[in-house]
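Student: Below are the structure tokens for one structure; questions will follow.
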DNA sequence: TTTTTCTGTTTTGTATTCATAATTCATTTT
DNA sequence: AAAATGAATTATGAATACAAAACAGAAAAA
């Protein structure tokens, strides 16, 4: 099956704005300047504003009537809430994955795992993240639940920027790798329940690290 | 706290279209006629199209490039997937609610429960639904997790029309009421784990009934 | 000095316009 | 009769235009 690449202007714009937020080009709490972005993207305001509507219902930006769009602040509260929900979703994905995953898919995940480990040993953080993400995606796919996948993806968008900003302590990294080892074991044993709880725990560890990173902005109570 | 009613045209339009879908005025698989709705709502196409973007990211409609918006079909597959995810979310809400709920809130829910039971005894289906919904909302609120609440609400939108179409068998109704009795017990005992699994089960029962209702359209494979 | 008021500018929300892609339907062809 | 072709119509996607609200900064008042 060939995936039709439905390139719409508003879809492109949404994707680019998401990236700009995650990469810190658009800062939390700041206004999103429509005109500027229109010029930058070479499009008119109509598709750009449509993109903002989409991003708003994803929780990436907030729309204040008559005063435009702002990048949402990641408060500690909200981050905790999001991780809690994502934990439940990933837990479910683990349970379902063990029920439906094929031998070939387990093998693929194992392969990804070893590649990830190689980057871990060399302390190559970006490629490590890359494979890490791909493993989690693979489990999501194996759960055979598109609604789950989309819901999770939508929440994941919001907190991507935390990941970008996280600085991995050695201790946390070690823990993360251990979690992954255990995940592989569960997949091989098709132990859904345990995989589910490992995934939930895994996410809780992430939260602790994320909370310590610099992207949280509870305190600043700028008037706006 | 006063809720600011930020009435935007696109927000209004989105709400009205949602209702029209749930009430069967816009049928699954059919095109959403922009012009017609614009005239009906007395607005121009711009805010209406923005509304469609929002509804699309909620999963209520699907946007096919250059051929407009359609009401999404509720396939059995998708319904099962959605209930599975909502089950995980409601399960979490149960666990969290038991952790944070106040005495007063439990009392409120008990009151709602007795009102619901009164309508059950008189077989008043609409008011029964009303209170049923309010109980589940109250639990969500007690979970003190806005992200969870919004995520759940978004998924709930999609399948509201099933609820509208469901015809309650006496057996199912009895089961549902029994579930609710058990839920109250759990809340009183602050037994989050058990409340979680009851909520998950409760939703699974719903699925069985929903699947039997007339709104599912797997089979029709209309060319579009 | 601080606050208030006023005016000009900018930005936002909505309507309108325009180009292009899709659809319809009569006509032709097989 | 069924299928294919093509012009006319319609609907969609995007740009532009316009009205109203928010904002900024200077001038006036406290």
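Protein chains in written order, with our numbering: chain A, 306 to 529; chain B, 306 to 529.
Beta carbons are placed, not taken as given, at the ideal position from N, Cα and C, and that holds for glycine.
Using only the alpha-carbon positions, how far apart do residue 508 (chain A) and residue 426 (chain B) sit?
Tutor: Spanning the two alpha carbons is a distance of roughly 45 angstroms.
Student: Between residue 487 (chain B) and the rest of its own chain, which residues show a CB-CB distance below 6 angstroms, the 5 nearest in sequence each way excluded?
Tutor: For residue 487 (chain B), where only same-chain residues beyond five positions count, the Cβ hits under 6 angstroms are 503.
Student: Comparing alpha-carbon positions, which option in A:396, A:383 and A:388 lies nearest residue 389 (chain B)?
Tutor: When each option's Cα is compared against that of residue 389 (chain B), the closest is A:396.
Student: Just the Cα atoms here: how many angstroms apart are residue 499 (chain A) and residue 349 (chain B)?
Tutor: Between residue 499 (chain A) and residue 349 (chain B), the C-alpha separation is close to 53 angstroms.
Student: Taking buried to mean at least 16 other C-beta atoms within 10 Å of its own C-beta, is residue 407 (chain A) buried or exposed?
Tutor: Answer is exposed; the Cβ neighbour count stays below 16.
Student: Is the CB of residue 362 (chain B) under 8 angstroms away from at least one CB in chain A?
Tutor: It does: the Cβ of residue 362 (chain B) has a partner Cβ on chain A nearer than 8 angstroms.
Student: Within 10 angstroms of the Cβ of residue 386 (chain A), are there 16 or more other Cβ atoms? Answer buried if so, exposed if not.
Tutor: Buried is the call here.
Student: Let me confirm a value: residue 479 (chain B) is counted as buried when at least 16 other C-beta atoms fall within 10 Å, else exposed. Which label applies?
Tutor: Exposed, by the Cβ-count rule.
Student: Secondary structure at residue 323 (chain B), three-state DSSP: helix, strand or coil?
Tutor: Residue 323 (chain B): helix per DSSP, three-state reduction.
Student: Determine the chain A residues that contact residue 447 (chain B) at a beta-carbon separation under 9 angstroms, and present them in chain order.
Tutor: Correct list: empty, because the minimum Cβ distance to chain A is about 14 angstroms.
Student: Counting only beta-carbon atoms, is residue 306 (chain A) nearer than 8 angstroms to chain B?
Tutor: At residue 306 (chain A), the pLDDT of 33 sits below 50, so the modelled position is not reliable; the number obtained from the coordinates is stated separately. Closer than 8 angstroms: no.
Student: Compare the C-alpha of residue 493 (chain B) against each of B:354, B:405 and B:474 and name the closest.
Tutor: Answer by Cα proximity: B:405.
Student: Tell me whether the region 318 to 326 of chain A and the region 353 to 360 of chain A touch, counting them as touching only if at least three CB pairs, one residue from each stretch, are closer than 8 angstroms.
Tutor: The answer is yes - the region 353 to 360 of chain A touches the region 318 to 326 of chain A, with three or more Cβ pairs under 8 angstroms.
Student: Hey, how far is the Cα of residue 358 (chain A) from the Cα of residue 515 (chain B)?
Tutor: Residue 358 (chain A) and residue 515 (chain B): Cα-Cα distance of roughly 32 angstroms.
Student: To the nearest angstrom, report how far apart residue 432 (chain B) and residue 421 (chain B) are at their CA atoms.
Tutor: The alpha-carbon atoms of residue 432 (chain B) and residue 421 (chain B) are separated by roughly 7 angstroms.
Student: Taking contact to mean 3 or more Cβ pairs, one atom from each stretch, closer than 8 angstroms, check whether the region 436 to 447 of chain A and the region 411 to 421 of chain A are in contact.
Tutor: Segments in contact, yes.
Student: Residue 389 (chain B) touches chain A at which residues, Cβ-Cβ below 8 angstroms?
Tutor: Ordered by position in chain A, the residues that pass the 8 angstroms Cβ test against residue 389 (chain B) are 397, 401, 450, 452 and 453.
Student: Give a yes or no on whether the C-beta atoms belonging to residue 369 (chain B) and residue 378 (chain B) are separated by under 8 angstroms.
Tutor: No, they are not a contact pair.
Student: Determine the chain B residues that contact residue 467 (chain A) at a beta-carbon separation under 9 angstroms, and present them in chain order.
Tutor: Within chain B, no residue comes near residue 467 (chain A); the closest Cβ sits about 14 angstroms away, beyond 9 angstroms.
Student: Looking at the secondary structure, which residues open and close the beta strand (DSSP E) in which residue 375 (chain B) lies?
Tutor: Element bounds for residue 375 (chain B): 374 to 376.
Student: Does DSSP classify residue 431 (chain A) as helix, strand or coil?
Tutor: Here residue 431 (chain A) sits in helix by DSSP.
Student: Give me the chain A residues within the contact set of residue 359 (chain B), using Cβ-Cβ distance strictly less than 9 angstroms, ordered along the chain.
Tutor: Chain A residues near residue 359 (chain B): 358, 359, 361 and 362.
Student: In angstroms with no decimal places, state the Cα-to-Cα distance between residue 468 (chain B) and residue 442 (chain A).
Tutor: About 32 angstroms.
Student: Going by C-alpha distance, which of B:411, B:463, B:393 and B:484 is nearest residue 457 (chain A)?
Tutor: Nearest option by C-alpha distance: B:393.
Student: In chain order, what residues of the same chain lie with their CB nearer than 6 angstroms to the CB of residue 309 (chain B), ignoring the 5 residues before and after it?
Tutor: Caution is warranted here: a pLDDT of 40 is assigned to residue 309 (chain B), below 50, making its placement in the model unreliable, and the coordinate value is therefore given only provisionally. Here the set comprises nothing.
Student: Check whether the Cβ of residue 436 (chain A) sits closer than 7 angstroms to any heavy atom of the ligand FAD, and report yes or no.
Tutor: Among the components modelled here there is no ligand, and therefore nothing to report on the ligand FAD.
Student: Tell me whether residue 498 (chain B) sits in a helix, a strand or coil according to DSSP, three-state version.
Tutor: Residue state, collapsed to three classes: helix.
Student: Beta-carbon of residue 393 (chain B) versus every beta-carbon of chain A: anything under 8 angstroms?
Tutor: With 8 angstroms as the cut-off, residue 393 (chain B) counts as an interface residue toward chain A.
Student: Please state the DSSP three-state secondary structure of residue 397 (chain B).
Tutor: In the structure shown, residue 397 (chain B) sits in a helix (DSSP, three-state: H, G or I).
Student: For residue 495 (chain B), collect the residues of the same chain with a Cβ closer than 7 angstroms to its Cβ; drop the 5 residues on either side in sequence, then sort them by chain order.
Tutor: Correct list, in chain order: 403.
Student: What span of residues does the beta strand (DSSP E) with residue 367 (chain A) cover, start to end?
Tutor: First-last of the beta strand (DSSP E) with residue 367 (chain A): 366 to 368.
Student: Since residue 367 (chain B) meets chain A, which of its residues come closer than 8 angstroms, beta carbon to beta carbon?
Tutor: Per Cβ cutoff of 8 angstroms: no residues; residue 367 (chain B) is ~11 angstroms from chain A at best.
Student: Could you give the distance in angstroms between the alpha-carbon of residue 322 (chain B) and the alpha-carbon of residue 335 (chain B)?
Tutor: Roughly 13 angstroms separates the two Cα atoms.
Student: Which residues in the same chain as residue 460 (chain B) place their Cβ atom closer than 7 angstroms to its Cβ, once the five residues preceding and following it in sequence are excluded?
Tutor: The residues are 387, 390 and 391.
Student: Which of the three DSSP states is assigned to residue 354 (chain B) in this structure?
Tutor: Residue 354 (chain B): helix per DSSP, three-state reduction.
Student: Let me see if you follow: with CB-CB separation under 8 angstroms, is residue 378 (chain B) close to chain A or not?
Tutor: Cβ-Cβ to chain A under 8 angstroms: no for residue 378 (chain B).
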